[in-house]
Amino acid sequence: MLMQLRMALYVFQEAFRSLRRNGWLNFAAAGTTAVSLFVLGIAVLLVVNTNYISKTVESNVEIMAYLDRGLDQNDLKAIRTQIEATPGVKEVRFISKEEALATLAKRFGKESKLKESLGGTNPLPDAFRIRMSEPRQVASAAASINRLPGVEKVRYGQGVVEKMFKLTAWIRLISMVVMGLLGVCSVFLIATTIRLTMFARRREISIMKWVGATDWFVRWPFLLEGMILGAAGALVAVAVLGFSYSALTGKLQEVLAFLPVVRDYRVLIHLFEGLFTAGIGLGLVGSFISVHRYLRV
Amino acid sequence: MIQFFNVSKFYPNGVKALVGATLHIEKGEFVFLVGPSGAGKSTLIKLIFREELPTKGQIYVGGRSIIRMKRRDVPHLRRQIGMVFQDFRLLPDRTVFENVAFAMQVVGAGPQEIKRRVPEVLELVGLKERAQMYPRQLSGGEQQRVAIARALVNKPTLLIADEPTGNLDMDTSWEIINYFQEINRRGTTVLIATHAREIVDTLRQRVIALDRGRVVRDEHQGVYAHAT
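Protein sequence lines, in the order shown, are assigned to chains U and E.
Numbering-wise, this note's numbering puts 181 at position 181 of the first sequence, and it's gapless, one number per residue.
With the second sequence counted from 1, adding 1000 to any position gets you this note's numbering.
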């Protein structure tokens, strides 16, 4: 136990000794990791936000079912029950033609003489406004409501929902590819850094070998060095990302108040934890590649 | 201590570094390994050290076959062997003390043990006063003595030196050889590959001569070369 502790201490000392020695190289490797994790973070935030926005938009999607003229209370009640029975429907509200006209008049402005210009008649139909609990069912629900007797026609944001889904899928795909490429880049750079470190320390390595160090004893400081580089890069990325994201969303909400953005700290902390782990992982993979390939001890 | 049975080593580039070498070195012996450059001295040392495996033959070091040895047992083999090289191979950014202590750290020795043992070996090679100096502040002979101290610090049963006096003048070479003799008297087996004819001829120890990968001579109280 004491021996393991001493070994661990030694491994840390060696890793930091070598980090101090190759300042610029380490800076480059940590910097690249930082940049790639930063972009990775942006990609994740982009996906999270489009998901969030599309969720918000989707849940605001309503179906308007315009009704035939001359229906009585019983007809209305029957239609309402049938609509409520449709899967995915959350809320149904009746909008009378008077209410619709009032809303329309309001939109034209108080001074406008909408009623008069229409010759005192109301051309608008009665309607039901339907909110959905499950946005993905909007299309099918709309179709089945349209078939109900007494419903003249149905309107909803045809296409908008589908487009939104397509957009998120694309963003997800593109950021996945970008993440992958950048991840490979930083693994490669860390691998190169560790390889150069090992080259700079080949003398020590061979001496260690001659006096009978075990393979893992020789390897550990390099693996640790890689992990530290990855973690350092991740910390920089998290800090920059954290500051710039909160600044950006703050500004965005001032300018575009209606645009929903994720400002949930738990989501961000999850992301930052993920980035940090990813940084250490990249460092470990990178140094492992070099240690495995160039350190035949 | 060391047994070679019909050992051959061929490199992929076609070089036959060692051809059918058979030799036995007993515990406590003092042996010179001589021969022209490229005769296979370094290969022989690398094989003992299991830095390389032979193409053919069997090798025992300390009673264990190094061919059947598992990879993870190699470090333990090496801990029994101290190595000294022509170019000293010290770490330039560490003091004399740290250079020697390094070999102990690597095998997991504790700080107290290191503090006790390092001055002990430095005293043995007469460098106790130089402990806090860096290799570049020392003469060649002194640097080689640091290397010897490092080789000895883990108490190996076998000390191997590859051209230990190759970079040193005659007086200093004798000084270094005297340390090897002292170490040998204390019970450590010593194997020295060398070109130092005068030293070999004066000491009249066992001499194993290699030429083009073959053991051409193995005699006790031998000399560097017979007049031809």
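Ideal placement from N, C-alpha and C gives every residue a C-beta, glycine not left out.
It should be emphasised that the depicted structure is a prediction, and the values quoted were computed from it without experimental measurement.
- Think of a sphere of 7 angstroms around the beta carbon of H1076 of chain E: the chain U residues whose beta carbon falls inside it are G212, in chain order.
- Identification of chain E residues near E225 of chain U by a Cβ-Cβ cut-off of 9 angstroms yields none; the smallest Cβ-Cβ distance measures about 17 angstroms.
- Beta-bridge analysis with DSSP links D1171 of chain E to no other residue.
- C-alpha of G1020 of chain E to C-alpha of M1104 of chain E: approximately 37 angstroms in a straight line.
- Nearest to V48 of chain U by alpha-carbon distance, out of U:E204, U:R172, U:A239 and U:W220, is U:R172.
- Sixteen is the threshold: when 16 or more other Cβ atoms of the shown chains lie within 10 Å of the Cβ of K1041 of chain E, as they do, the residue is buried.
- Burial of Y245 of chain U is indicated by the presence of at least 16 other C-beta atoms within 10 angstroms of its C-beta.
- Counted as a single uninterrupted DSSP element, the alpha helix (DSSP H) harbouring E225 of chain U occupies residues D215 to V255.
- Within the region 97-162 of chain U, the complete beta strand (DSSP E) segments of 3 residues or longer fall at 127-132 and 151-155, listed in chain order.
- A Cβ of chain U is located within less than 7 angstroms of the beta carbon of V1107 of chain E.
- Sequence-distant Cβ neighbours of R1145 of chain E in its own chain, meaning closer than 6 angstroms and more than five residues away, are V1125 and L1127.
- The beta-carbon distance between Q1080 of chain E and P1156 of chain E, rounded to whole angstroms, is 5 angstroms. This is short enough to meet the 8 angstroms contact definition.
- Relative to the Cα of R147 of chain U, the nearest Cα in the group U:F199, U:R131 and U:I79 belongs to U:I79.
- By the Cβ-count criterion, D1171 of chain E is exposed, with fewer than 16 other Cβ atoms from all chains shown falling within 10 Å of its own Cβ.
- Fewer than three Cβ pairs drawn from the region 204-211 of chain U and the region 248-263 of chain U lie within less than 8 angstroms of each other, which leaves the two stretches out of contact.
- The criterion of a C-beta distance shorter than 7 angstroms is not satisfied by V1207 of chain E and E1198 of chain E.
- Only residues of its own chain outside the window of five on either side were considered, and among them F1049 and R1050 have a CB closer than 8 angstroms to the CB of R1078 of chain E, listed in chain order.
- Taking a C-beta distance under 7 angstroms as the contact criterion, F1005 of chain E and T1022 of chain E qualify as a contact pair.
- Considering only beta carbons, the part of the region 1107-1128 of chain E lying closer than 9 angstroms to chain U consists of V1107, G1108, A1109, G1110 and P1111, in chain order.
- Sorting E:A1039, E:H1024, E:A1193 and E:I1176 by C-alpha distance to the C-alpha of G1062 of chain E places E:H1024 at the top.
- T1189 of chain E sits in a strand when the DSSP states are folded into three classes.
- E116 of chain U and A105 of chain U have their C-alpha atoms some 11 angstroms from each other.
- Among the residues facing chain E, M198 of chain U is not included, as its CB has no counterpart in that chain under 7 angstroms away.
- About 5 angstroms separates the beta carbon of M1001 of chain E from that of K1027 of chain E, a gap short enough to meet the 8 angstroms contact definition.
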